[in-house]
Each structure stands twice: as structure tokens, then as C-alpha cells.
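*Asks:* Residue numbering for the sequence shown follows my numbering, starting at -4 and increasing by one per position.
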Amino acid sequence: MDIPGPTSHSFVSQRLRLRYVDWGNPDAPPLILQHGGRDHCRSWDWAAQELRKDWHVICPDLRGHGDSDWSSDGDYAMSSYVYDFAQLIHTLGYDQVTVVAHSLGGTVTSRYAGVFPERVRKLVNIEGLGLSARDMEERSAKSYGDRFREWVVARRRLAAVIPSRYPTIEAACARMKEANPFLSDAQVSHLTIHAANRNEDGTWSWKFDPALRVFNPFEAAIDDIHELWPAITCPVLLLWGHESFFDTPDKDGRMDFFRDARLKVYDKAGHWLHHDQFDQFMADVSSFLAE
């Protein structure tokens, strides 16, 4: 008999209806798996199927992603993401959670863990510390007014952009494979099916809001971020892909801001290392969570 899949639920945060899937086992301790930018909650399906044996696994869609509502005013500020995550935990009534998060999701949940350290038992962060120290310095070199102006121009330009349409689901799969050549064909098919909607004319488009492509100019200053990371009291496992486009946090000093963090770098893996080296990822995460 096939193992049943997750059930779909929703909660409300800042007037948006946000979706999450629940993998059952409600008597087990809660484990939240948070996806990254332009991704969706079903990208965790392989991990969730294994972790559900020992955990009550919850996988939310960020605002503007997957089957969650798009923000009507294009609000995808980090503060809003963190509020949404806090609202999910509040809605579900958890006093404390364990978190595994990727990329944008790692940035969101690390901020949450710094603001509410007593609410996070352990955190696995997959390439989710936001911009590198070098990128933050380059951003800070621009005046607030210049960044604000660039944002207005970019938002206005984006309003005229038509979202990509793919004639077939196979064409969308090809684009997914292009974005991450480490993926198997089975992974590509599963991720694409859950990442795209079929349009009225039969074409396919990604579910995420195109407004996500514009970087928010009101991000916290680097000193504010460096104030939050040391406030995290739980053990943190940082996972990085050797072939990722992000610098490892031990090389640029970001790791030094954490009280209790360890880093592992995966060979033959990029930014989506939890897909690229799944077996090793599951072994490392399971071991860390069981400690």
C-alpha cells in the first residue's frame, strides 16, 4: 500500500491566506520544513516521507509561493515573511519547534530564531543566511535614496513583464532541469508538477508571484542582522553545496556570529543540496535532530 500523502491546510496572516501541508503523526514533536525562494512546500516531499516517522512534519508555502496568496501590493519584505512564520507557529499552538529551512526560508527562520530564541529547539539552515558580507557591503555603499529609486523603477518595469508561459509541462520541466542539472528526471517531474499551474490556453506558468524578482530595498542593515544571529540559543547546522553560487559562511565570517553552529559542505552539490545529495543530507539531518 502506498504511504498517503500530506493533507492541505491554510492559515491567515496579515489578511493573506497561506497554505501548508501536514504529513500527519500529530503526537510527535513538530518539525517545520521551510522552502526557499520561488519554490514550494512540496519540494520537501522526499524528506518529509522519511521524517514523518519520528516527527509531526509541517511544510508551509511562503506568501507569493506555491498555493499561498500573492500579496496584493507586492509586499515581500523580510519582516513580513518572519511575521507569517511566527503566525503559523502561533496558529498551530506550538510552544517550541524544530526547523529545517532552505535559502530564503533559512533567512526567514534564522531571523525568527533570533527574535524568538525560546521557540526554536534546533535549526538546520541550508544556504539561508541571505546576502554575503561582501554583497551587503556593496549594497550599503549605495545611498538609501538610490536604492529606493532603483526599487521604484524596477517595480514599474516589472508591471509590464508578462510571466513566462511554457507550451507543455515537458517544456517547463526542461527549464527546471536547466536551473539545477543535478536533479534526476523523477525529481524534475515532481518539482515541476507542483510548481506550475495550467493556464486557460493550455500553457503552463510558475505559481510564484513575479514581484518576487525585485529585491526589497528596506532590508535590515547588516549590523541589525549581526545582532540577531548571536541571539539564537539553539544548536544550528549550516549546510552548503561546494558548487553553490553562495560563499560559505566560514570564509566570510558570518559563521562567527553564531553561538553554537557547525558547518558541512557537500561535494557534487549546488544550492539545492538537499536534492543533489539526498541520502547524505538525510543522514546528517537525522543525526543532528536526534542528538
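Beta carbons: idealized from backbone N, C-alpha and C, even for Gly. For clarity, every value in this text was computed on a predicted model and none was experimentally measured.
(1) By Cβ distance below 7 angstroms, which residues in the same chain neighbour Ala128 in space, the five residues on each side in sequence not counted?
(2) Let me make sure I understand the geometry here. Which of Ser66, Gly100, Thr243 has the alpha-carbon closest to that of Lys259?
(3) Counting beta carbon pairs with one atom in the region 210 to 226 and one in the region 260 to 275, are three or more of them shorter than 8 angstroms?
(4) If you draw a straight line from the alpha carbon of His221 to that of Pro55, how long is it in whole angstroms?
(5) Determine the burial state of Thr104: buried for a count of at least 16 other Cβ atoms within 10 Å of its Cβ, exposed for fewer.
(6) Using the Cα positions of Val94 and Val115, report the straight-line distance between them to the nearest angstrom.
(7) Counting Cβ pairs, one atom from each stretch, are 3 or more of them under 8 angstroms apart for the region 147 to 156 and the region 225 to 240?
(8) Suppose only complete runs of 4+ residues qualify. What are the alpha helix (DSSP H) ranges in the region 30 to 113, listed by chain order?
(9) Inspect the beta-carbon positions of Leu28 and Val52 and report whether they are closer than 9 angstroms.
(10) From this set, Ala206, Thr102, Ala96, Gly125, which residue's C-alpha is nearest Ala43's C-alpha?
(11) I'd like the ranges of any beta strand (DSSP E) spanning at least 3 consecutive residues and lying wholly in the region 148 to 220.
(12) List the endpoints of the continuous beta strand (DSSP E) containing His4.
(13) Which class does Ala256 belong to by DSSP, given the choice of helix, strand or coil?
(14) Could you tell me the alpha carbon to alpha carbon distance between Glu122 and Gly101, rounded to whole angstroms?
(15) Tell me whether the beta-carbon of Ser184 lies closer than 9 angstroms to the beta-carbon of Pro158.
(16) With respect to the beta strand (DSSP E) encompassing Arg116, which residues constitute its N-terminal and C-terminal limits?
(17) Of all the beta strand (DSSP E) runs that stay within the bounds of the region 230 to 285, which reach a length of 3 or more residues?
(18) Can you pull the DSSP bridge partners for Asp141?
(19) Below 9 angstroms between beta carbons: does that hold for His60 and Lys263?
(20) Is the region 126 to 140 in contact with the region 186 to 200, if contact means three or more CB pairs nearer than 8 angstroms?
(21) Alpha carbon to alpha carbon, how far is Arg257 from Leu11? Give it in angstroms, no decimals.
(22) So the beta strand (DSSP E) Asp22 belongs to, where does it begin and stop?
*Replies:* Short version:
(1) Excluding positions up to five away in sequence, the list reads Asp247, Gly248, Arg249.
(2) For the residues Ser66, Gly100, Thr243, the minimum Cα distance to Lys259 belongs to Thr243.
(3) By the Cβ rule, the region 260 to 275 does not count as touching the region 210 to 226, because fewer than three pairs are nearer than 8 angstroms.
(4) Taking the straight line from one Cα to the other gives about 26 angstroms.
(5) A residue is called buried when at least 16 other Cβ atoms come within 10 angstroms of its Cβ; Thr104 meets this threshold and is buried.
(6) Rounded to whole angstroms, Val94 to Val115 spans 7 angstroms at the Cα level.
(7) Cβ pair count under 8 angstroms is below three, so no.
(8) Listed in chain order, they are 40 to 46, 73 to 87, 99 to 110.
(9) Contact: yes.
(10) Measuring from the Cα of Ala43, the nearest candidate turns out to be Ala96.
(11) Secondary structure within the region 148 to 220: the beta strand (DSSP E) runs of 3 or more consecutive residues, fully enclosed, are 191 to 193, 199 to 201 (chain order).
(12) For His4, the uninterrupted beta strand (DSSP E) run begins and ends at 2 to 8, by DSSP.
(13) Look at Ala256 here: in three-state DSSP terms it is strand.
(14) Taking the straight line from one Cα to the other gives about 7 angstroms.
(15) It is not a contact, given that the beta carbons lie outside the stated cut-off.
(16) Note, Arg116: beta strand (DSSP E), 115 to 121.
(17) As far as the region 230 to 285 is concerned, its whole beta strand (DSSP E) runs of at least 3 residues are 231 to 236, 256 to 261.
(18) Paired residues: none, contrary to the question.
(19) Contact flag unset, no.
(20) By the Cβ test, the region 126 to 140 is not in contact with the region 186 to 200, since fewer than three Cβ pairs between them sit closer than 8 angstroms.
(21) Going from the Cα of Leu11 to the Cα of Arg257 covers about 36 angstroms.
(22) Unbroken run through Asp22: none, as it is neither H nor E.
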